[in-house]
Amino acid sequence: MIVKIKNQKALWLILPVFVLVAFSSLIPLMTIVNYSIQDIFDVNNAYYVGTDWFREVLADPRLRDSLVRQFGFSASVLLIEIPLGIGVALMMPKSGRLASLCLVVLAVPLLIPWNVVGTIWQIYGRADIGLMGSALTSMGFDYNYASDPVDAWLTVLVMDVWHWTSLVALLCFSGLRAIPAAYYQAAQIDRASGWSVFRYIQLPKLKNVLVIAILLRFMDSFMIYAEPFVLTGGGPGNSTTFLSQTLTKMAIGQFDLGPAAAFSLIYFLIILAVSYVFFTTITQMDKER
Amino acid sequence: MAEIKLASLAHSYQTSPSAPEDYAIRQMDHVWEQGGAYALLGPSGCGKSTLLNIISGLLIPSSGHVLFDGKEVNHLSPAERNVAQVFQFPVVYDTMTVYDNLAFPLRNLGKDKATIDKRVREIAAALELDSDLLRKANNLSADDKQKVSMGRGLVRDEVSAILLDEPLTVIDPSLKWKLRRQLKRLHQQFDITMVLVTHDQLEASTFADKIALMYQGQIVQNGTPQELFEQPAHTFVGYFIGSPGMNFIEVSLHDGCACFAGLSVPVEPATYDLAVNLGSSNMKLGIRPEFVRLHEQSQAGALDTLVTNIEDLGSYKIVTVEVAGQPIKARIEEDDWVPTGRVYLSFPLPWLKLYADEYLVKAV
C-alpha cells in the first residue's frame, strides 16, 4: 500500500496574502454590508432595517439620474475610444525610431494623475486664458463648459478620450504586432481587399486585447470621479454628476451612511454583472462548433 | 498556367551586399516548364522559401528577372501574377467557416455562386474536408487547419502556378502520405505548374517529376529523382540525397588512379583525363553506400579493411568499415552475408564518381 504523506505546510505561505486581502478588501466590504442593512447611530445604537436602505436608494431620483448619466457616459466613452484606439494603432508605424516615438507620445497622457488631467482641461477650456476655450470663442462658438450642460458634457467626454484612448491604442498595437507575416502574405495571395484584411485577420486577432481594453475602459469610466469633479464639479446643475460623485456626496457630505452603503453595493454589483455578462458572452462565442 | 523562368536572379536581404555569403539567393538561371510538378529541395536556410516568395511576388529580387511565359513580372503583385501559395504554417481566417475560407479567394475574384460552390465542394472532397464545411476554422485541429490552408491555394483553377512552401511539415505522418498522393492527383487533374518546397527527399521524389536541389542560395542540381541519386552533380547532392549519404574520400590523382593513404583505386580513363586537366587540388572520390561491394575473400583491386560498426535498420543494414582511417559506409540487404572483422571492399567502376572542387567531373 502506498502511504500518502500529508504535508500542507505550504498553505502557510498564502497566509500573508490572505491577511492583506482581508484587511484591504474583505473586511471593508463586510463593513459596507453591515451598514447597508442597519441604521447605525453609534456603537451602541444600531438597528436592523432589512432592505429599507436598498428600497430607498432605488427610488431616489437623484441616484437614478446619475445612473442613467453614468451609463450614457461609459457607452459614449467605449464607442469613441475603442474604434479610435484601433484606428490609431493601425496607422502607427510598424517599427523603427518613429514607432518608438509614437509609443512614448501615446504613453504621456496615461502618466498624468487624474486630478491633474481635470485641472489641465479646466484651464485649457477657459475662454479667457485657455487655448481651446479662447480658440473656440474666437471662432464664434458660444462655448462655456461652466454654464452650458452640453458643452460641459462634451468637454468631460473629450477629456476622457484624450486621457485614455492611448491605452486602447497601445493594447491594439501590441496585438497587431503579434500577427505573423504569413497572414498578410496569404491575404495578398488570396487577393483580399484592405477591408477584408481588417475584418478577417486583424480584428479577429485583436479580439483578446480588445476584450481587455473594453473591460478596463468600462470599469474605469464607470467609476470616474476626479476628472469631472475637478473640471466641472458635477455641474452645471447636475449635468456631469456621475455615480461616484453622487455617492461621495451622500456618504461624506450628508453622512447618510446606510443608503450610501446600500448604493455602493448596488454600484459594485452593476460593474460585476456587466463585466461578467460581457466576458462570458465573448468567450462563449468561441465555443460554437 | 505558365512557364516560370528565372534569369540571372539574385537576392540579398542586406542593403549593400558584397561577399557571396551576403546573398540569400546567389545569381542563378532556372526554368520551370508549364504544367510540371517540381520540387525545390534543400536544407533549412538554403534559400528555398526566399526563392518561392520571389516567384510569387511577395519579395522583389535585388537583381535579375522573373519571367512568366517570357513576360517580365518583377514588379507585379502576387494578384497580378495570378499565383497561389500555401505556407508552412496553417493560415486560416479564424472567424470564417471552412466553406467561407475555401470560397474566399474565389469570391475576391468575383466568381458567381454556382461556380464557387462547385469548386469548393470539389476541393473539400479531395482534401476530405466535406464533413467540416460548416465548422468555424478556428475550432479545427492543426492538421485540418493546414488542409484548409492548402485548399485555399488549390481552389483557384486558373492560376499561373501553385507554390507550396513546406505545406506538409506540420501534418501528422500518416496523413502526410495521403495528402502527398492527393496533391499529385490534383496536379494531374488540373495540369497546373506546381512547385513544392521541402526539406524531405522522400516528399520531393514522390511528388515531383524533377527536383531542384538548393544549397547555400544556389540550385546545385536539377534533375529527376533518379539522376539526383545516381549522378549527384555536387558533393552536397550526394550527401543530402540518400540515407545514409554518399561516401567521400579526399584523393590525389596518379597513373590513372585515385590515390589516398598509399592505396589506389582505378577510375574511368575519360573521367581521369578530364579531372587531371582541371588541375584542382580539391579532389574527392564519391560512391553511394548502396554500390559499395563487400567480399569475404581477398580480390584483385579490393581494399583490405576492418568493420567498425553495423547498424541494423530493419530491412537493411549499414556497415561502417575503416580504410586508412577513413570511415566508409556500405548498405547491405536484410538477408545478405553480414561481415565481421576483416572484409574486402570494391567499388564498381560505373558508380565511382570523381569531384573536383565539390562538382562532379563528368566525361560526356
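Protein sequences appear in the order of chains A and B. In terms of the working numbering, the first sequence opens at residue 27 and continues consecutively. In terms of the working numbering, the second sequence opens at residue -18 and continues consecutively. Built from N, CA and C at the ideal position, the CB exists for glycine as well. All values derive from a computational prediction rather than experimental measurement.
- Item | Rounded straight-line distance, which links the Cα of ARG7/B to that of GLY198/B | Taking the first residue of the second sequence as position 1, residue 198/B is located at position 217. Taking the first residue of the second sequence as position 1, residue 7/B is located at position 26. Whole-angstrom Cα-Cα distance: 5 Å.
So who's on the other strand from VAL129/B, going by DSSP bridges? Against the second sequence, residue 129/B aligns to sequence position 148. Paired residue(s): none; VAL129/B is not in a bridge.
Three-pair Cβ contact test at 8 Å for the region 18 to 26 of chain B versus the region 75 to 89 of chain B:
The answer is no - the region 75 to 89 of chain B does not touch the region 18 to 26 of chain B, with fewer than three Cβ pairs under 8 Å.
- [ ] Give me whichever residues DSSP pairs with MET264/B in a beta bridge.
- [x] For the purposes of this step, residue 264/B is taken as the residue at position 283 of the second sequence. Paired residue(s): VAL232/B, ALA337/B.
- Query: Ordered along the chain, which non-local residues of its own chain (more than five positions away) have a Cβ less than 6 Å from that of VAL54/B?
  - Reply: As a working mapping, residue 54/B is identified with position 73 in the second sequence. VAL47, ARG62, listed in sequence order.
Identify which residue in ASP124/B, VAL129/B, VAL79/B has its Cα closest to the Cα of PRO154/B. Taking the first residue of the second sequence as 1, we reach residue 154/B at position 173. Residue ASP124/B is the option with its Cα nearest to PRO154/B.
Between TYR(-6)/B and chain A, is the shortest Cβ-Cβ distance under 8 Å, so that the two count as touching? Here residue -6/B refers to the residue found at position 13 of the second sequence. TYR(-6)/B does not count as touching chain A.
- Are any of the Cβ atoms in chain A nearer than 8 Å to that of SER37/B? Position 56 of the second sequence, counted from the start, is the residue given in the question as residue 37/B. Yes, its Cβ sits closer than 8 Å to a Cβ of chain A.
**Asked** Counting only beta-carbon atoms, is ALA133/A nearer than 8 Å to chain B?
**Response** Position 107 of the first sequence, counting from 1, holds the residue named residue 133/A. So, not an interface residue.
Would a C-beta distance cut-off of 8 Å place SER(-7)/B and ALA5/B closer than the cut-off? For the purposes of this step, residue -7/B is taken as the residue at position 12 of the second sequence. For the purposes of this step, residue 5/B is taken as the residue at position 24 of the second sequence. In this structure, the beta-carbon distance from SER(-7)/B to ALA5/B falls below 8 Å.
task = Starting from the beta carbon of ARG217/A, find every residue of chain B whose beta carbon is closer than 7 Å, and list them in chain order.
result = Position 191 of the first sequence, counting from 1, holds the residue named residue 217/A. In chain order: ALA60, PRO86, ASN89, LEU90.
Beta bridge counterpart(s) of GLY220/A as assigned by DSSP: In the first sequence, residue 220/A corresponds to position 194, counting from 1. According to DSSP, GLY220/A bridges with nothing at all.
Cβ of ARG100/B less than 8 Å from any chain A Cβ? Position 119 of the second sequence, counted from the start, is the residue given in the question as residue 100/B. Chain A, which has no Cβ nearer than 8 Å to the Cβ of ARG100/B, makes this no.
What is the DSSP secondary structure of ASP68/A, counted as helix, strand or coil?
-> On the first sequence, residue 68/A is found 42 positions in, with the first residue counted as 1. Strand, per DSSP.
Exercise. Since ALA118/B and TYR74/B are thought to touch, with beta carbons under 8 Å apart, how far apart are those beta carbons, to the nearest angstrom?
Worked result: In the second sequence, the residue the question calls residue 118/B occupies position 137. In the second sequence, the residue the question calls residue 74/B occupies position 93. Confirmed, Cβ separation roughly 6 Å.
CB contact below 8 Å: GLN211/A versus chain B
Translated into positions along the first sequence, residue 211/A becomes position 185. So yes, GLN211/A belongs to the interface.
Checklist entry - What does ILE112/A reach in chain B if we use C-beta pairs closer than 7 Å? => result What you label residue 112/A is simply residue 86 of the first sequence in a count that begins at 1. The premise fails here: ILE112/A is roughly 16 Å from chain B at the closest Cβ pair, so nothing lies under 7 Å.
Query raised in the report: When you compare only the Cα positions, how much space is there between PHE49/A and THR274/A?
Result: Within the first sequence, residue 49/A is the residue found at index 23, counting from 1. Within the first sequence, residue 274/A is the residue found at index 248, counting from 1. Each residue's alpha carbon lies about 22 Å from the other.
(Q) Nearest by alpha-carbon distance to PRO135/A: which of PHE167/A, LEU110/A, VAL114/A, SER192/A is it? (A) As a position in the first sequence, residue 135/A is number 109, starting the count at 1. For PRO135/A, the nearest C-alpha among the options comes from SER192/A.
Problem - C-alpha distance - LYS334/B paired with ARG166/B, whole-angstrom precision - result: Position 353 of the second sequence, counted from the first residue, corresponds to residue 334/B. Position 185 of the second sequence, counted from the first residue, corresponds to residue 166/B. Straight-line Cα distance between these residues: approximately 36 Å.
Item to complete: Can you grab the Cα-Cα spacing for the pair ARG312/B / TYR220/B, in whole Å?
Response: Mapped onto the second sequence, residue 312/B falls at position 331. Mapped onto the second sequence, residue 220/B falls at position 239. Within the model, the alpha-carbon separation for ARG312/B versus TYR220/B is close to 15 Å.
Q. Who does MET9/B pair with in a DSSP beta bridge?
A. For this step, residue 9/B is matched to residue 28 along the second sequence. DSSP lists LEU(-10)/B as partners of MET9/B.
Requested in this report: Note down the Cα distance separating SER102/A from SER92/A, rounded to an integer number of angstroms.
Outcome: Translated into positions along the first sequence, residue 102/A becomes position 76. Translated into positions along the first sequence, residue 92/A becomes position 66. Inter-residue distance for SER102/A and SER92/A is about 15 Å (C-alpha atoms, whole angstroms).
| said: Residues of the region 275 to 292 of chain B in Cβ contact with chain D at a cutoff of 7 Å, in chain order, please. | reply: No chain D appears in this structure, whose protein chains are A and B.
Does the region 107 to 122 of chain A touch the region 292 to 310 of chain A, meaning 3 or more C-beta pairs lie closer than 8 Å? no
Taking only the alpha-carbon atoms, compute the straight-line gap between GLN169/B and SER30/B and give it to the nearest angstrom. Position 188 of the second sequence, counted from the first residue, corresponds to residue 169/B. Position 49 of the second sequence, counted from the first residue, corresponds to residue 30/B. Using only the alpha carbons, I get a separation of about 24 Å.
- Coarse secondary structure for ARG312/B, derived from DSSP in three states: Counting from one through the second sequence, the residue named residue 312/B turns up at place 331. It is a strand residue.
*Kindly indicate which residue of LEU83/B, ASN203/B, THR150/B, MET175/B has the alpha-carbon position closest to the one of SER212/A.*
Against the first sequence, residue 212/A aligns to sequence position 186. It is worth fixing the name first, because residue 212/A is Ala in this sequence and not Ser. Of the listed residues, the one whose Cα sits closest to ALA212/A is LEU83/B.
> Going by DSSP, what residues sit across from MET245/A in a beta bridge?
Replying inline: Position 219 of the first sequence, counted from the first residue, corresponds to residue 245/A. Note: MET245/A sits in no beta bridge, so no partner.
ALA252/A versus GLN271/A: straight-line alpha-carbon distance, rounded
Numbered from its first residue, the first sequence carries residue 252/A at position 226. Numbered from its first residue, the first sequence carries residue 271/A at position 245. Inter-residue distance for ALA252/A and GLN271/A is about 9 Å (C-alpha atoms, whole angstroms).
- Reference VAL300/B, options PRO225/B, GLY237/B, TRP332/B, closest by Cα: Residue mapping note: residue 300/B aligns to position 319 of the second sequence, counting from 1. Selected option, being the one with the closest Cα: PRO225/B.
| field | Rounded C-alpha distance that separates GLN361/B from SER37/B | value | One cannot answer for residue 361/B here, as it falls past the ends of chain B, which runs -18 to 345.
What residues of chain A sit near ALA65/B, judged by a beta carbon separation below 8 Å? Within the second sequence, the letter at position 84 stands for residue 65/B. Neighbours of ALA65/B on chain A, chain order: ILE215.
Proximal residues to PRO59/B (C-beta, below 8 Å), its chain only, five neighbours per side dropped:
The residue labelled residue 59/B in the question sits at position 78 within the second sequence. So the qualifying residues of the chain are SER37, GLY38, LEU39, GLN66.
*Shorter than 8 Å from the beta carbon of ILE40/A to some beta carbon of chain B?*
As a working mapping, residue 40/A is identified with position 14 in the first sequence. No - not a single Cβ of chain B is within 8 Å of the one on ILE40/A.
Point to revise | Option in SER219/A, SER265/A, PHE248/A with minimal Cα separation from ILE296/A | key: In the first sequence, residue 296/A corresponds to position 270, counting from 1. When each option's Cα is compared against that of ILE296/A, the closest is PHE248/A.
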